[in-house]
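*Asks:*
In my numbering, the protein residues as written are 112 to 297.
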């Protein structure tokens with residue numbers, strides 16, 4: 112089990128809150144990995160900043176925010192992971208999820224100008240034991256201000272290729288046996 116840490120989004124109006132609860136697991140060699148992060152989210156307009164401090168990245172990876180800056184997510188190491196670029200970029204499943212969450216926040220009832228509506232978001236990160244710092248999947252739960260909840264499961268791999276970490280993927284050996292049986296039947 113990990114250690115609970117609290118992180119705040121710096122540079123925002125303190126009355127909006129933006130305090131997040133993260134569960135972090137300490138690993139050997141002074142490394143750590145985030146197991147989950149959760150907290151209030153709002154659709155805020157923030158200038159984009161460079162994200163630093165993510166190790167175990169492949170050449171295809173971005174420094175991905177678990178809770179996006181556009182929702183007030185902190186720009187700290189507990190909110191950043193190695194995320195496949197095609198997952199995180201415009202057109203990828205993570206980006207599409209963020210757009211959907213923004214719509215949930217915007218469409219959740221009467222809005223008073225200047226007062227962003229508050230929802231809630233939790234991201235649980237799954238790792239493979241062989242690569243303890245690079246996530247293999249993300250489980251996301253988001254609630255709009257009215258309490259409507261949506262769930263996503265996003266794999267941290269090229270979304271255009273078969274994913275070996277997807278438990279719904281048929282076992283390759285079983286598939287080969289079926290194909291060979293079909294060939295033998297003629």
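Note that the Cβ used here is the ideal one computed from N, Cα and C, for glycine as well.
Counting only runs of 3+ residues fully inside the stretch 165 to 206, write out the beta strand (DSSP E) ranges in chain order.
*Replies:* Whole beta strand (DSSP E) segments, 3+ residues: 172 to 176, 191 to 195.
*Asks:* For residue 169, which residues of its own chain have a beta-carbon under 8 Å away from its beta-carbon, when the five flanking residues on both sides are left out?
*Replies:* If you number the chain shown from 1, residue 169 lands on position 58. Excluding residues within five positions, the ones whose Cβ falls inside 8 Å are 193, 195, 245.
*Asks:* What residue does the beta strand (DSSP E) around residue 258 start on, and which one ends it?
*Replies:* Taking the first residue of the chain shown as position 1, residue 258 is located at position 147. Unbroken run through residue 258: none, as it is neither H nor E.
*Asks:* Rank 254, 188, 152 by C-alpha distance to the C-alpha of residue 146 and give the top, closest one.
*Replies:* In the chain shown, residue 146 corresponds to position 35, counting from 1. Nearest of 254, 188, 152 to residue 146, Cα basis: 188.
*Asks:* What did DSSP end up calling residue 214 once you bin it into helix, strand or coil?
*Replies:* As a position in the chain shown, residue 214 is number 103, starting the count at 1. Three-state DSSP puts residue 214 in a helix.
*Asks:* Among residues of its own chain, excluding the 5 on either side of residue 72, which ones have a beta-carbon nearer than 6 Å to its beta-carbon?
*Replies:* This structure does not reach residue 72, given that the chain is present from 112 up to 297, and the question cannot be answered.
*Asks:* Using the DSSP secondary-structure output, state which residues sit across from residue 147 in a beta bridge.
*Replies:* Along the chain shown, one-based indexing puts residue 147 at 36. Paired residues: 134, 235.
*Asks:* In chain order, what residues of the same chain have a beta carbon less than 8 Å from the beta carbon of residue 201, not counting five sequence neighbours either side?
*Replies:* Residue numbering aside, residue 201 sits at position 90 when the chain shown is read from its first letter. Here the set comprises nothing.
*Asks:* Can you tell me whether residue 177 is buried or exposed, with buried defined as 16 or more other CB within 10 angstroms of its CB?
*Replies:* Numbered from 1 along the chain shown, position 66 holds the residue referred to as residue 177. It counts as buried.
*Asks:* To the nearest angstrom, how far is the alpha carbon of residue 135 from that of residue 180?
*Replies:* Numbered from 1 along the chain shown, position 24 holds the residue referred to as residue 135. Numbered from 1 along the chain shown, position 69 holds the residue referred to as residue 180. Looking at the two C-alpha atoms, the distance is approximately 20 Å.
*Asks:* If you measure between the beta carbons of residue 229 and residue 151, is that distance less than 8 Å?
*Replies:* Translated into the one-based positions of the chain shown, residue 229 becomes position 118. Translated into the one-based positions of the chain shown, residue 151 becomes position 40. Yes, the Cβ-Cβ distance between residue 229 and residue 151 is below 8 Å.
*Asks:* Assuming residue 261 and residue 253 form a contact by the criterion Cβ under 8 Å, report the distance between their Cβ atoms to the nearest whole angstrom.
*Replies:* To locate residue 261, count along the chain shown from 1; it is residue 150. To locate residue 253, count along the chain shown from 1; it is residue 142. Confirmed, Cβ separation roughly 5 Å.
*Asks:* Which residues share a DSSP beta bridge with residue 248?
*Replies:* Taking the chain shown and counting its residues from 1, the one referred to as residue 248 is at position 137. Beta-bridge pairing links residue 248 to 237, 266.
*Asks:* Excluding five sequence neighbours on each side, which residues of the same chain lie with their C-beta closer than 6 Å to the C-beta of residue 215?
*Replies:* Taking the first residue of the chain shown as position 1, residue 215 is located at position 104. Taken in chain order, the residues that qualify are 255.
*Asks:* State the beta-bridge partners of residue 116 as determined by DSSP.
*Replies:* Residue numbering aside, residue 116 sits at position 5 when the chain shown is read from its first letter. In the DSSP output, where bridge partners are listed per residue, residue 116 has 133.
*Asks:* On the premise that residue 154 lies in contact with residue 213, defined as a C-beta separation below 8 Å, what is that separation, rounded to the nearest angstrom?
*Replies:* Here residue 213 refers to the residue found at position 102 of the chain shown. Here residue 154 refers to the residue found at position 43 of the chain shown. Contact flag correct, Cβ pair sits at about 5 Å.
*Asks:* Where residue 217 and residue 210 are concerned, what is the direct C-alpha to C-alpha distance, given to the nearest angstrom?
*Replies:* Looking up residue 217 in the chain shown gives position 106. Looking up residue 210 in the chain shown gives position 99. About 11 Å.
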